[in-house]
Amino acid sequence: METPAVPAELKRALRTPSLVVFGLAYMAPLELLAIFGVISENSLGAAAGAYLLATFAMLLTAASYGKMARAYPVSGSAYTYARKAIGPKVGFLSGWAILLDYMFLPLVVWLIGANYLHEAVPALPLWACVGLFVVITSVLNILGVKVADRANLILMALLFLIIIFFVILSVGQIAGPEGNGFSLHPFYGEHTNFGAISAAAAIAAYSFLGFDAVTTLTEETHEPQKRIPRAVMLVAALGGVIFVGLAFFAQLVHPDPFFDNPDTAAVDVVAQIGGPLFGAIFIAGVIIGEFASGLTCQWGATRLLYAMGRDNVLPRRFFGQIDKKWQTPVFNTVLTGAVGLIGIFMSVETSTSFINFGAFIGFAMVNLSVIFYWRQHRGEHLNPVSYLVVPALGALVAVFLMTQLDGTALLIGAIWLAVGVGILAKITRGFKVAPPEMAV
1 METPAVPAEL
11 KRALRTPSLV
21 VFGLAYMAPL
31 ELLAIFGVIS
41 ENSLGAAAGA
51 YLLATFAMLL
61 TAASYGKMAR
71 AYPVSGSAYT
81 YARKAIGPKV
91 GFLSGWAILL
101 DYMFLPLVVW
111 LIGANYLHEA
121 VPALPLWACV
131 GLFVVITSVL
141 NILGVKVADR
151 ANLILMALLF
161 LIIIFFVILS
171 VGQIAGPEGN
181 GFSLHPFYGE
191 HTNFGAISAA
201 AAIAAYSFLG
211 FDAVTTLTEE
221 THEPQKRIPR
231 AVMLVAALGG
241 VIFVGLAFFA
251 QLVHPDPFFD
261 NPDTAAVDVV
271 AQIGGPLFGA
281 IFIAGVIIGE
291 FASGLTCQWG
301 ATRLLYAMGR
311 DNVLPRRFFG
321 QIDKKWQTPV
331 FNTVLTGAVG
341 LIGIFMSVET
351 STSFINFGAF
361 IGFAMVNLSV
371 IFYWRQHRGE
381 HLNPVSYLVV
391 PALGALVAVF
401 LMTQLDGTAL
411 LIGAIWLAVG
421 VGILAKITRG
431 FKVAPPEMAV
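Counting in UniProt numbering, the sequence shown runs from 1 upward without gaps.
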């Protein structure tokens, strides 16, 4: 079912600075510190190197997002571009892979927040902390409560303030009499190797999820064909600078790649540079940030499921219903909350890995979309380097990083794709007709 576009109803008021701020806020840079221990252990002490490799991969894909946003100046995503440039069936599977991110991203956010809540209040078992995050967030989303934009801006300002203090205190500790001094070991130390850095980069890509979100604002942007490509590149580049910088300082503060608990390793680093007070402020910042992020992520996931149910991509009687009393998709909210409870049995590393499976497929499809677009418009004499070589490299890097995910992540991802193929076969009557459009 084609959903009619209504660009006339959207005010084109956004410019590049607003788009960049939106993209950076969506990525939530403090997330790096929340998963620093996992990156440090997997990279064998080269967290900055892992983020540098992840940044390289994201910049290649960002260039492809920019080209697709220029070619199709409508609010879109990897699914939209694959559907238009490659075909509706490939587009559907791209959208299905992206749905993996939407469905399980709340789980990851809740799990990270629960680990830090458990660190702050050890008397609360981890399973109870996960349950608290899931129940409170789900109830608020059922009631229709959303975090206000102004509150989100204030929260982002506080989180960036924590990041600034972290850098200042880190420099003081590193350069101080008890510090380890500055070196390039966080990029490639004597104990690491490229395989370890690649595996860590595959997980580090989690921090970049959302860098492409500015493409969804195309129809609200002034001169989108110029500003959207520029904004996507800037968000990926600035995000990379922030992530690499934070990883560099954190690794210098704590050169040992291993921690007692990698899921809350940032607590050890923060306590080392700022003492108990800054440690408490940091933990509070992470918990509040993860709660707000979880609320938003779950809200987005439930609305996506509702849109897919409304279009009969998923069973309408379950997914396409709005509760008469609360005017919210209660079934979808309960479902995503139930999925979140799976986090009780998972580590941060495994959970971030398998949602990256869907992200890497989406990134690969965007790059392939550019190549197909080049083939379809060869008469326009498009630059073969930027429309063929760069996206081909971007697709290869995305697939390579996907292969570096752990076995559990690859298994879950493969099962998810297999289910998607089954659904596609059903709704296309054995692949004979085009699938309905997904609102991804």
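For every residue, glycine included, the Cβ atom is placed at its ideal position computed from N, Cα and C.
Exposure of residue i, with buried meaning 16 or more beta-carbon neighbours within 10 Å
i, result
"Arg227", "buried"
"Thr264", "buried"
"Leu161", "exposed"
"Leu305", "buried"
"Lys432", "exposed"
"Ala148", "Note that Ala148 has pLDDT 43, beneath the 50 cutoff, so the model's placement of it is unreliable and the number below is only indicative. Ala148 comes out exposed."
"Arg375", "exposed"
"Leu60", "buried"
"Phe318", "exposed"
"Trp326", "exposed"
"Ala398", "buried"
"Ala418", "exposed"
"Leu277", "exposed"
"Gly379", "exposed"
"Gly176", "exposed"
"Gly275", "exposed"
Nearest-angstrom Cα separation, counted from residue j out to residue i
i, j, result
"Ile279", "Ala271", "In the sequence on display, residue 279 carries Gly and not Ile. Whole-angstrom Cα-Cα distance: 5 Å."
"Gly172", "Phe360", "38 Å"
"Asp260", "Leu158", "28 Å"
"Asp311", "Gly45", "48 Å"
"Phe357", "Ile281", "33 Å"
"Glu437", "Ala409", "28 Å"
"Tyr81", "His377", "15 Å"
"Phe248", "Ile412", "32 Å"
"Ser353", "Ala205", "9 Å"
"Gln298", "Phe291", "11 Å"
"Ala307", "Val135", "23 Å"
"Ser198", "His185", "16 Å"
"Asp406", "Thr55", "20 Å"
"Gly181", "Ile164", "20 Å"
"Gly394", "Gln404", "16 Å"
"Asn193", "Leu246", "21 Å"
"Ala196", "Trp416", "26 Å"
"Ala414", "Ile242", "32 Å"
"Leu314", "Gly362", "20 Å"
"Ala250", "Val269", "7 Å"
"Thr328", "Ile427", "26 Å"
"Gln321", "Ala85", "32 Å"
"Ile168", "Ile154", "21 Å"
Cβ-Cβ separation, residue j to residue i (assumed contact under 8 Å), whole Å
i, j, result
"Ile35", "Val339", "So it is not a contact: roughly 20 Å between Cβ atoms."
"Val253", "Ile273", "6 Å"
"Met68", "Ser369", "6 Å"
"Ala434", "Pro224", "The Cβ separation is near 27 Å, so there is no contact."
"Gly131", "Leu341", "7 Å"
"Leu111", "Met346", "7 Å"
8 Å Cβ shell around residue i - same chain, five flanking residues per side excluded
i, result
"Gly66", "Ile228, Pro229, Arg230, Val232, Met233"
"Phe211", "Gly23, Tyr26, Met27, Met58, Ala62, Val232, Val235, Ala236, Gly239"
"Phe187", "Ala46, Ala48, Gly49, Leu52, Phe248"
"Pro4", "Legend: pLDDT at Pro4 = 44, less than 50; position of this residue unreliable, value from coordinates given subsequently. None."
"Ala425", "Phe431"
"Val90", "Ala82, Arg83, Met365"
"Val286", "Leu30, Leu33, Ala34, Ile112, Gly113, Tyr116, Ala266"
"Ile174", "Asn180, Gly181, Phe182, Phe249, Leu252, Val253"
Proximity of residue i and residue j at Cβ, strictly below 7 Å
i, j, result
"Leu420", "Pro262", "For the record, residue 420 in the displayed sequence is Gly; it is not Leu. No, these two residues do not count as a Cβ contact at 7 Å."
"Pro257", "Ser40", "yes"
"Ser183", "Leu32", "no"
"Ala120", "Ile283", "yes"
"Ala200", "Ser43", "yes"
"Ile371", "Leu388", "yes"
"Ile344", "Leu105", "no"
"Leu30", "Gly294", "no"
"Leu401", "Ala266", "no"
"Val74", "Thr215", "no"
"Ala123", "Ile98", "no"
"Leu140", "Cys129", "no"
"Ala114", "Phe133", "yes"
"Lys351", "Leu126", "Before going on, a small fix: residue 351 reads as Ser here, not Lys. Not a contact, by the Cβ cut-off of 7 Å."
"Ser94", "Met365", "yes"
"Asn367", "Pro384", "no"
"Val309", "Arg316", "Correcting the residue identity first, residue 309 is Gly in this sequence and not Val. The answer is yes: Cβ separation under 7 Å."
Chain-order list of residues whose beta-carbon lies under 6 Å from that of residue i (same chain, five-residue window excluded)
i, result
"Ser138", "Thr333, Gly337"
"Val330", "Ile142, Asp323"
Close-in-space but distant-in-sequence residues of the same chain around residue i (CB under 7 Å, 5 per side omitted)
i, result
"Ala71", "Tyr373"
"Thr221", "Arg12, Leu14, Leu19, Arg227, Ile228"
"Pro255", "Gly45, Asn180, His185"
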